[in-house]
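> The numbering of the first sequence is my numbering, which starts it at 12 and goes up by one.
Got a structure for you, questions after.
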Amino acid sequence: MDFKEKVAEIFTAVESDLSMDDALQLIEIPPSQDMGDYAVPCFKFAKKYRKSPAVVATEIAEKIGSVDLFEKIECNGPYVNFFVDKTHFAERILKQAYIERENFGSTDVGQGKIVIVEFSSPNIAKPFHIGHIRSTLIGNSINKIYKYMGYNTVAINHLGDYGTQFGMLISAYKKWETPEIVEAIEKDPIPELLKLYVRYNQEIETHPGYKDEARYWFKELENGNQEAHKLWEWFREVSLKEFNRVYDMFGIKFDSYAGESFYSDKMPAILDELEDKCLLKDSEGAKIVELSEYGLTDAVIQKSDGSTLYVTRDIAAATYRKRTYDFYKNIYVVGAPQKLHFDQWRKIIDLMGYDWAYDCVHIMFGTVSLEDGALATRKGRVVFLEDVLKKAIEKTTEIINERNPNLEDKETVAKQVGIGAVIFQELFNNRIKDYMFSWDKTLSFEGETGPYVQYTYARTCSLLRKAGTDIDDNVDYSVLTDKESFNVIRKLEGFKAAVLGSHDKYEPFFITRYIVSLAQEFNRFYHECPILVEDEEVKKARLLLTKTVNTVLKKGMELLGMETPEKM
RNA sequence: GCAUCUGUAGCUCAGUAGGAUAGAGCAGUGCCCUCCUAAGGCAUGUGCCGGGGGUUCGAUUCCUCUCAGGUGCACCA
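Pasting the structure below:
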């Protein structure tokens with residue numbers, strides 16, 4: 012039983028009308044330390060006793076008197092404030108952490124249930140740029156959080172590897188193929204393929220026939236034309252190699268790369284099913300599902316030329332995944348601009364009679380822009396993800412050379428810290444916020460940043476290396492009742508809630524905020540309380556605290572997808 | 001026009017399923033390395049919580065209207 016439950020128990024013992032659940036909901040954490048550790052507001056009881064809340068609080072506090080495990084319980088205005096016994100508190104939290112180790116923040120809510128996390132999903136033959144960072148990092152973290160909570164997750168990279176654009180690419184390549192271009196594509200595929208794509212789009216203006224040629228080649232691709240398929244495979248392969256370089260830097264792994272093309276042969280069955288269920292309507296030659304009565308705009312399922320669309324593919328993907336994985340949840344980490352699409356898509360699945368439609372969730376996030384406007388690949392307004400990482404690593408290398416030139420394995424550390432800074436920055440705020448990419452912000456390493464947390468972690472590692480004693484939970488916990496130690500312990504208690512919150516709301520930033528605040532508390536403790544001291548009892552207790560912070564910071568960073576250097 | 005998201009300190013953002021004096025970081029200023037990593041710590045100022053109305057003992061938080069900005073609205077993904 013934790014302290015909050017204890018408070019509820021004590022309170023309900025006096026206020027017998029109150030259920031445990033109600034009491035737990037009532038309990039809050041006071042805004043300031045000198046008001047105690049837990050508080051129960053008494054406004055609700057004022058009516059019942061026909062006395063002012065302050066008087067009720069006084070009476071309740073008196074009735075409770077003094078209780079085991081609590082230093083004191085007193086009223087303060089309309090609140091009954093509970094002050095925990097700091098020694099007991101320290102003992103309970105640190106012992107639990109000591110026993111549970113890296114599982115200190117987890118619960119078994121997942122129970123092995125299967126959860127699909129679809130994220131990143133870049134388009135083949137197009138640059139992997141700063142706009143992709145959000146889905147990639149948020150998705151990766153959600154995947155890790157769900158794993159930690161005991162789910163079996165399937166990380167899917169739903170590659171944008173199909174569609175008319177490939178008709179264009181194939182047609183362009185066939186028109187302009189030269190040995191130089193082949194070599195250039197092998198060497199530096201994305202920019203070269205993009206050049207072809209851009210040129211083709213430009214030439215459509217003057218050669219109207221190109222549009223039909225592109226459509227023709229896409230049709231050929233769909234029909235299994237050998238030549239088209241081979242080219243497509245080649246484009247896909249060289250692009251994926253590029254993407255994997257970035258994924259490797261981030262340490263991201265996928266279980267499946269089943270992208271759009273994977274579902275191309277599963278479309279006719281979906282069309283048939285929609286037809287059978289009388290959901291399709293003809294409209295201007297196209298087939299649509301009417302959704303206006305659900306407050307949505309109608310969705311085009313099949314174009315007038317007979318080919319299918321995004322929604323159709325996503326329906327096919329969802330049904331395939333349900334059959335294949337029998338998921339408990341199917342999570343799509345995709346930007347907010349696609350909200351309407353996902354609302355339509357979910358509604359259609361619902362109309363098809365599948366009750367699992369609402370196990371599919373769209374985890375959306377805001378849009379990244381650049382200082383000079385929106386991202387625009389064709390206008391050259393792009394920032395490549397790989398460049399961001401490289402610059403972050405460069406900057407880190409400079410700092411290391413300046414402050415810690417003798418550090419061993421500088422290159423690895425520079426990578427861990429530079430990339431860690433990028434990850435931390437991305438996962439620091441609420442997903443839904445739009446933001447403007449800024450080099451200054453990305454390359455700032457002070458204050459609430461990734462390097463700050465990593466630095467604090469490295470500090471704990473250093474202390475543990477120098478400790479010279481075994482660390483166990485057999486310590487004098489009364490050593491840890493000073494303000495700084497106690498604040499760290501209070502913070503440690505909150506880890507589980509932070510992880511659970513991230514899980515419930517699909518918001519990694521709860522963990523990001525949590526670990527930065529834990530690092531802050533630890534740094535205060537570090538400055539105020541010398542750890543490696545002569546007095547063995549003091550040293551052992553403070554080392555146990557340090558060890559716990561070390562474990563939690565490490566796990567927190569791991570859940571965000573960050574590396575945890577032990578020296579920096 | 002309809003839908004949706006956002007609006008809190010100079011800047012970037014938190015604010016826990018309404019509660020006690022609204023918090024961090026950055027930027028500014030001033031301290032702290034004979035001391036466990038100064039990528040650190042301490043001190044210091046800043047707020048019509050976009051605006052109006054409502055519900056409530058109590059609203060930054062809930063409802064409603066309104067203003068500002070972003071995004072999306074059928075054969076692209």
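By construction, the Cβ of each residue, glycine as well, lies at the ideal position given by its N, Cα and C atoms.
(1) Going by the beta-carbon positions, is the gap between S146 and I263 smaller than 9 Å?
(2) From Q107, I181, E111, pick the residue whose C-alpha is nearest to that of D223; which is it?
(3) Please name the residue, chosen from I75, S152, L555, that lies closest to D487 on a Cα-to-Cα basis.
(4) Specify whether the region 162-181 and the region 539-556 touch according to this definition: at least 3 beta carbon pairs, one from each stretch, less than 8 Å apart.
(5) Which residue comes first and which comes last in the beta strand (DSSP E) that contains V126?
(6) According to DSSP, is L291 helix, strand or coil?
(7) Taking the straight line between their C-alpha atoms, what separation do you get for A327 and A101?
(8) Which stretch, first to last residue, makes up the beta strand (DSSP E) that contains L381?
(9) Once the 5 residues before and after V433 are set aside, which same chain residues still bring their CB inside 7 Å of it?
(10) How far does the alpha helix (DSSP H) with I298 in it reach, from first residue to last?
(11) Determine the contact status of N168 and Y268, defining contact as a CB-CB distance below 9 Å.
(12) Output the residue ranges of the beta strand (DSSP E) runs that lie fully inside the region 230-288 and measure 3 residues or longer, sorted by chain position.
(13) Do you know how far the Cα of Y466 is from the Cα of A425?
(14) Output yes or no for whether 9 Å exceeds the beta carbon distance between F94 and D33.
(15) Which residue comes first and which comes last in the beta strand (DSSP E) that contains P52?
(16) Is the beta carbon of L511 less than 9 Å from the beta carbon of M160?
(17) On the three-pair Cβ rule with 8 Å, is the region 439-446 touching the region 508-525?
(18) Considering only their Cβ atoms, is the gap separating V563 from G116 smaller than 9 Å?
(19) Among residues of its own chain, excluding the 5 on either side of I75, which ones have a beta-carbon nearer than 7 Å to its beta-carbon?
(20) What number of angstroms, rounded off, separates the C-alpha of L418 from the C-alpha of S455?
(21) From this set, E437, E548, F536, which residue's C-alpha is nearest N485's C-alpha?
(22) For A166, write down the residues that DSSP places opposite it in a beta bridge.
(23) If contacts are defined as beta-carbon pairs under 8 Å, then L381 and R392 qualify, I think. What distance do you get, rounded to the angstrom?
(24) Shortest alpha-carbon distance to R324 belongs to which of Y274, L307, F254?
(25) So, helix, strand or coil for D120, using DSSP?
(26) Mark S272 as exposed unless 16 or more other C-beta atoms lie within 10 angstroms of its C-beta, in which case mark it buried.
(27) Given that a residue counts as buried once 16 or more other Cβ atoms are within 10 Å of its Cβ, and exposed if not, what is M179?
(28) Can you tell me which of the three DSSP states A478 falls into?
(29) If I'm right that H240 touches F395 with Cβ under 8 Å, what's the distance once you round it to whole angstroms?
(30) Tell me, which residues are paired with R61 by DSSP?
(31) Measure the alpha-carbon distance for P41 versus S30 and round it to whole angstroms.
(32) Only counting runs of 3 or more residues, tell me where the beta strand (DSSP E) segments fall wholly within the region 343-415, in order along the chain.
(33) Under 9 Å, do M599 and Q355 count as touching if we go by C-beta distance?
(34) DSSP state of N92, grouped into three classes?
(35) Can you tell me which of D366, V379, K358 puts its alpha carbon nearest to the alpha carbon of G346?
Considering the structure as presented:
(1) Within the first sequence, the letter at position 135 stands for residue 146. Within the first sequence, the letter at position 252 stands for residue 263. Result no, Cβ atoms of S146 and I263 do not sit closer than 9 Å.
(2) Here residue 223 corresponds to residue number 212 of the first sequence, with the count starting at 1. Here the closest residue by C-alpha is I181.
(3) Locating residue 487 in the first sequence gives position 476, where the first residue counts as 1. Of I75, S152, L555, the residue nearest in Cα terms is L555.
(4) Short answer: they don't touch.
(5) The sequence position of residue 126 within the first sequence is 115, counting from 1. Per DSSP, V126 belongs to the beta strand (DSSP E) from 125-129.
(6) Mapped onto the first sequence, residue 291 falls at position 280. In this structure, L291 counts as strand in the three-state DSSP scheme.
(7) Taking the first sequence and counting its residues from 1, one reaches residue 327 at position 316. Taking the first sequence and counting its residues from 1, one reaches residue 101 at position 90. Using only the alpha carbons, I get a separation of about 53 Å.
(8) Translated into the one-based positions of the first sequence, residue 381 becomes position 370. Note, L381: beta strand (DSSP E), 379-381.
(9) In the first sequence, counting from the first residue as 1, residue 433 sits at position 422. Within the same chain, and ignoring the five residues on either side of V433 in sequence, the residues whose Cβ sits closer than 7 Å to its Cβ are V399, L400, A403, T453.
(10) Indexing the first sequence from 1 puts residue 298 at position 287. Note on identity: in this sequence residue 298 is Lys, with Ile being the wrong assignment. Per DSSP, K298 belongs to no alpha helix (DSSP H); it is in the beta strand (DSSP E), 297-300.
(11) Numbered from its first residue, the first sequence carries residue 168 at position 157. Numbered from its first residue, the first sequence carries residue 268 at position 257. Closer than 9 Å, so yes.
(12) Inside the region 230-288, DSSP marks no whole beta strand (DSSP E) run of 3 or more residues.
(13) Looking up residue 425 in the first sequence gives position 414. Looking up residue 466 in the first sequence gives position 455. Rounded to the nearest angstrom, the two C-alpha atoms are 12 Å apart.
(14) Position 83 of the first sequence, counted from the start, is the residue given in the question as residue 94. Position 22 of the first sequence, counted from the start, is the residue given in the question as residue 33. With respect to the 9 Å criterion, F94 and D33 are not classified as neighbours on the basis of their beta carbons.
(15) The residue you call residue 52 lines up with position 41 of the first sequence. Segment 49-52, the beta strand (DSSP E) holding P52.
(16) As a working mapping, residue 511 is identified with position 500 in the first sequence. As a working mapping, residue 160 is identified with position 149 in the first sequence. Against a cut-off of 9 Å, the Cβ pair of M160 and L511 comes out as a contact.
(17) yes
(18) For this step, residue 116 is matched to residue 105 along the first sequence. For this step, residue 563 is matched to residue 552 along the first sequence. Yes.
(19) As a position in the first sequence, residue 75 is number 64, starting the count at 1. Excluding sequence positions up to five before and after I75, its CB lies within less than 7 Å of the CB of I21, V25, I84, all in the same chain and listed in chain order.
(20) Position 407 of the first sequence, counted from the first residue, corresponds to residue 418. Position 444 of the first sequence, counted from the first residue, corresponds to residue 455. Roughly 21 Å between the two C-alpha positions.
(21) Position 474 of the first sequence holds residue 485. Ranked by Cα distance from N485, the first of E437, E548, F536 is E548.
(22) Along the first sequence, read from residue 1 onward, the residue named residue 166 stands at position 155. BP columns for A166 point to V128.
(23) Taking the first residue of the first sequence as 1, we reach residue 381 at position 370. Taking the first residue of the first sequence as 1, we reach residue 392 at position 381. Yes, L381 and R392 are in contact; Cβ-Cβ is about 6 Å, under 8 Å.
(24) For the purposes of this step, residue 324 is taken as the residue at position 313 of the first sequence. If we check each option's Cα against that of R324, Y274 comes out closest.
(25) Locating residue 120 in the first sequence gives position 109, counting from the first residue. Per the sequence shown, the amino acid found at residue 120 is Val instead of Asp. Correct three-state label for V120: coil.
(26) Walking along the first sequence from the start, residue 272 turns up at place 261. Buried.
(27) Taking the first residue of the first sequence as 1, we reach residue 179 at position 168. With 16 or more Cβ atoms within 10 Å of its Cβ, M179 is classed as buried.
(28) In the first sequence, the residue the question calls residue 478 occupies position 467. A478 falls in the coil class under three-state DSSP.
(29) For the purposes of this step, residue 240 is taken as residue 229 along the first sequence, with counting starting at 1. For the purposes of this step, residue 395 is taken as residue 384 along the first sequence, with counting starting at 1. Not quite, the Cβ-Cβ distance comes to about 29 Å (not below 8 Å), so this is no contact.
(30) Locating residue 61 in the first sequence gives position 50, counting from the first residue. Per DSSP, none; premise fails for R61.
(31) Start at 1 with the first residue of the first sequence, and residue 41 comes out as number 30. Start at 1 with the first residue of the first sequence, and residue 30 comes out as number 19. Distance between the alpha carbons of P41 and S30: 22 Å.
(32) If one requires a minimum length of 3 residues, the beta strand (DSSP E) runs lying completely within the region 343-415 are 371-374, 379-381, in chain order.
(33) Because the chain here runs from 12 to 579, residue 599 falls outside it and cannot be looked at.
(34) Taking the first residue of the first sequence as 1, we reach residue 92 at position 81. Here N92 sits in strand by DSSP.
(35) The sequence position of residue 346 within the first sequence is 335, counting from 1. The shortest Cα separation from G346 among D366, V379, K358 belongs to V379.
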